[in-house]
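J.:
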Amino acid sequence: MNVRKIKEGFLGQQMIVLPPDTKKVVTKNPLIRGLYLTAIGYYPKAIHHDRERKTGSQQYIFLYCTEGRGYVEILKQRFELVPNTYIIIPKNIAHHYCTSESDPWTIYWIHFTGEHADQLYSRYAKDTAPEVQTIAYDEQRTEQFNLMLSLLENNYSTRNIELTNIKLLQFLSSFIYHEEMYPSHYSVDQVSISIKFMKENLTKCYAIQELAAHSNYSVSHYSDLFKKKTGCSPMQYFNQLKIQKSCQYLYFTDMNIKEICVKIGFDDPYYFSRMFKKLMGSSPANYRNIYKKK
Numbered sequence: 008m009n010v011r012k013i014k015e016g017f018l019g020q021q022m023i024v025l026p027p028d029t030k031k032v033v034t035k036n037p038l039i040r041g042l043y044l045t046a047i048g049y050y051p052k053a054i055h056h057d058r059e060r061k062t063g064s065q066q067y068i069f070l071y072c073t074e075g076r077g078y079v080e081i082l083k084q085r086f087e088l089v090p091n092t093y094i095i096i097p098k099n100i101a102h103h104y105c106t107s108e109s110d111p112w113t114i115y116w117i118h119f120t121g122e123h124a125d126q127l128y129s130r131y132a133k134d135t136a137p138e139v140q141t142i143a144y145d146e147q148r149t150e151q152f153n154l155m156l157s158l159l160e161n162n163y164s165t166r167n168i169e170l171t172n173i174k175l176l177q178f179l180s181s182f183i184y185h186e187e188m189y190p191s192h193y194s195v196d197q198v199s200i201s202i203k204f205m206k207e208n209l210t211k212c213y214a215i216q217e218l219a220a221h222s223n224y225s226v227s228h229y230s231d232l233f234k235k236k237t238g239c240s241p242m243q244y245f246n247q248l249k250i251q252k253s254c255q256y257l258y259f260t261d262m263n264i265k266e267i268c269v270k271i272g273f274d275d276p277y278y279f280s281r282m283f284k285k286l287m288g289s290s291p292a293n294y295r296n297i298y299k300k301k
C-alpha cells in the first residue's frame, strides 16, 4: 500500500516562515545578523511527515524530537531520532527526513543562518559529521521556543524580530552547550578531576610529570586529553588559574608581590611578574593601581 507523504499540514501544527522583505531587514541589523532564523515550526504527532531536499537547504536545520520517532538521512548515513534527541542538518547538503509510520514523531524545528551560523554549527558537530545528540527534557526550553513563535505571530516589528533572535541563540545554546552549562549532569572525566586538583593546590608548584602521574596517564596522553578538552596545555591552564587567583589578591588585599607569590606557588617574583604581564597585559603593580581606582 502506498503511504501518502506530506511536508506539512498536521493537526495542531504551528509554523512561521519569514517573508523575504523581513529577512532582508534582518541581514542589515547588526544586533542579530550574526545568527537568525528564517523559519520555525512545531509538528505534533506528524503522521506521514516526509521531507527531502536533493540539493539541501541554504540554512542549517535544527530538529528536536520530544515524542515518537523518525529518521534523518544525510550523506547516505541514516540517523534515528527518538524522544529527547536532536540533530542539526548542515546547510547545502542533500538530506531526507521522515516520521515513523508506526510511532509518528513530535518535533520542534528551526531553519537558521547568519554570519556566525557556521561557527555555532562547528561547536555542535565538533569538526565531525552531524550526529544525533541526547539531551534531558527541560520545560524551560519549550517555553523559549513557544515565546519565539508567539513573538513572530504577533508581528514582525524590529523589536520582536530582535528579541526572537536573541532568544534563538539562547535556545540553541541550551542544546549545544548543555554539558558546559550543567557539568554535574555528566560523568566526571579525568581532566575535570585534574582541574579540580589544580584549583585545590594553587599554593604548590607541580611539574607536568606530577600532574600526569596524579591522573594515572603518561605525560603525552595526559597532555593530549587536556588540550582536547580545554584548548591549552596542563601547565598553561595551571598558570592561568594561579594568575586569576593573584588578581583577586591584588584587588582585595594589600599583600605585596612576594607574599602573593607564596600564595600561588611561585618561587621567583620576577618570573611571576613576566607571566602576569603576558596573560593580563600589564604588570601586577599597574593592575592593582588601575583596578583599585575603579
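Those letters in the sequence shown? Residues 8 to 301, per this note's numbering, in order. No residue lacks a Cβ here, since even glycine has one placed at the ideal position from N, Cα and C. Values in this document were obtained by computation on a predicted structure and should not be read as measured data.
1) Look at residue 183 and residue 137 and say whether their C-beta atoms are less than 8 Å apart.
2) Which residues in the same chain as residue 302 place their Cβ atom closer than 6 Å to its Cβ, once the five residues preceding and following it in sequence are excluded?
3) In the DSSP assignment, find the unbroken beta strand (DSSP E) run with residue 149 in it and report its ends.
4) Output the distance between the C-alpha atoms of residue 255 and residue 220, rounded to the nearest integer angstrom.
5) Return helix, strand or coil for residue 80, following the three-state DSSP convention.
6) Identify every residue that forms a DSSP beta bridge with residue 115.
7) Cα separation between residue 78 and residue 46?
8) Alpha carbon to alpha carbon, how far is residue 125 from residue 36?
9) One question on the structure: do residue 98 and residue 147 come within less than 8 Å of each other, judged by their Cβ atoms?
10) Mind checking residue 212: buried by the 16 CB within 10 Å criterion, or exposed?
11) Would DSSP call residue 262 helix, strand or coil?
12) My parser needs the alpha helix (DSSP H) runs of 4 or more residues fully inside the stretch 220-283; what are they?
13) Please confirm whether residue 119 has its beta-carbon closer than 8 Å to some beta-carbon of chain C.
14) If we count Cβ pairs, one from each stretch, closer than 8 Å, do we get three or more for the stretch 258-265 versus the stretch 285-300?
15) Nearest CA to the CA of residue 128: which residue from 258, 33, 69 and 62?
16) Could you name the residues of the same chain whose beta carbon sits closer than 7 Å to that of residue 63, not counting the 5 residues immediately before and after it, in chain order?
17) Hey, how far is the Cα of residue 223 from the Cα of residue 205?
18) In angstroms, rounded to a whole number, what distance separates the CA positions of residue 109 and residue 55?
19) Looking at the structure shown, is residue 65 part of a helix, part of a strand, or coil, going by DSSP?
20) For residue 102, which residues does DSSP report across the bridge?
21) Can you have a look at residue 75 and say buried or exposed, based on whether 16 or more other CB atoms are within 10 angstroms of its CB?
22) Where do the ends of the alpha helix (DSSP H) carrying residue 210 lie?
23) What is the rounded straight-line gap between the Cα of residue 82 and the Cα of residue 130?
T.: On the basis of the data shown:
1) Indexing the sequence shown from 1 puts residue 183 at position 176. Indexing the sequence shown from 1 puts residue 137 at position 130. It is not a contact, given that the beta carbons lie outside the stated cut-off.
2) Since the displayed the chain opens at 8 and closes at 301, residue 302 lies outside it and no answer follows.
3) Start at 1 with the first residue of the sequence shown, and residue 149 comes out as number 142. Counting along the chain, residue 149 falls outside any beta strand (DSSP E), though it belongs to the alpha helix (DSSP H) covering 146-161.
4) Working through the sequence shown from its first residue, we reach residue 255 at position 248. Working through the sequence shown from its first residue, we reach residue 220 at position 213. Taken atom to atom, the span from the alpha-carbon of residue 255 to that of residue 220 is near 30 Å.
5) Taking the first residue of the sequence shown as position 1, residue 80 is located at position 73. In this structure, DSSP gives residue 80 an extended state, which the three-state scheme calls strand.
6) Position 108 of the sequence shown, counting from 1, holds the residue named residue 115. Bridge partners of residue 115: 49 and 71.
7) Numbered from 1 along the sequence shown, position 71 holds the residue referred to as residue 78. Numbered from 1 along the sequence shown, position 39 holds the residue referred to as residue 46. When rounded, the separation of the alpha-carbon atoms in residue 78 and residue 46 is 21 Å.
8) Taking the first residue of the sequence shown as 1, we reach residue 125 at position 118. Taking the first residue of the sequence shown as 1, we reach residue 36 at position 29. Roughly 18 Å between the two C-alpha positions.
9) Taking the sequence shown and counting its residues from 1, one reaches residue 98 at position 91. Taking the sequence shown and counting its residues from 1, one reaches residue 147 at position 140. Their beta carbons are not under 8 Å apart, which means residue 98 does not touch residue 147 by this criterion.
10) Looking up residue 212 in the sequence shown gives position 205. It counts as exposed.
11) Along the sequence shown, read from residue 1 onward, the residue named residue 262 stands at position 255. It is coil, neither helix nor strand.
12) As far as the stretch 220-283 is concerned, its whole alpha helix (DSSP H) runs of at least 4 residues are 226-237, 241-259 and 264-270.
13) Chain labels in this structure do not include chain C; a single protein chain is all it has.
14) Result yes; three or more Cβ-Cβ pairs closer than 8 Å.
15) Within the sequence shown, residue 128 is the residue found at index 121, counting from 1. Of the candidates 258, 33, 69 and 62, the one whose C-alpha sits nearest the C-alpha of residue 128 is 69.
16) Position 56 of the sequence shown holds residue 63. Apart from sequence neighbours up to five positions away, the residues of its chain that approach residue 63 with a beta-carbon distance below 7 Å are 98, 99, 100, 101 and 102, ordered along the chain.
17) To locate residue 223, count along the sequence shown from 1; it is residue 216. To locate residue 205, count along the sequence shown from 1; it is residue 198. Taking the straight line from one Cα to the other gives about 15 Å.
18) Counting from 1 along the sequence shown, the entry for residue 109 is found at position 102. Counting from 1 along the sequence shown, the entry for residue 55 is found at position 48. If I take the Cα positions, the gap works out to 10 Å.
19) For the purposes of this step, residue 65 is identified with residue 58 of the sequence shown, where counting begins at 1. Residue state, collapsed to three classes: coil.
20) For this step, residue 102 is matched to residue 95 along the sequence shown. Looking at the DSSP assignment, residue 102 forms a beta bridge with 60 and 81.
21) Counted from its first residue, the sequence shown places residue 75 at position 68. Burial call: buried.
22) Start at 1 with the first residue of the sequence shown, and residue 210 comes out as number 203. Looking at the DSSP string, residue 210 is not in any alpha helix (DSSP H), and its letter there is neither H nor E.
23) The count along the sequence shown starts at 1 and reaches residue 82 at position 75. The count along the sequence shown starts at 1 and reaches residue 130 at position 123. When the Cα atoms are used, residue 82 and residue 130 turn out to be separated by approximately 20 Å.
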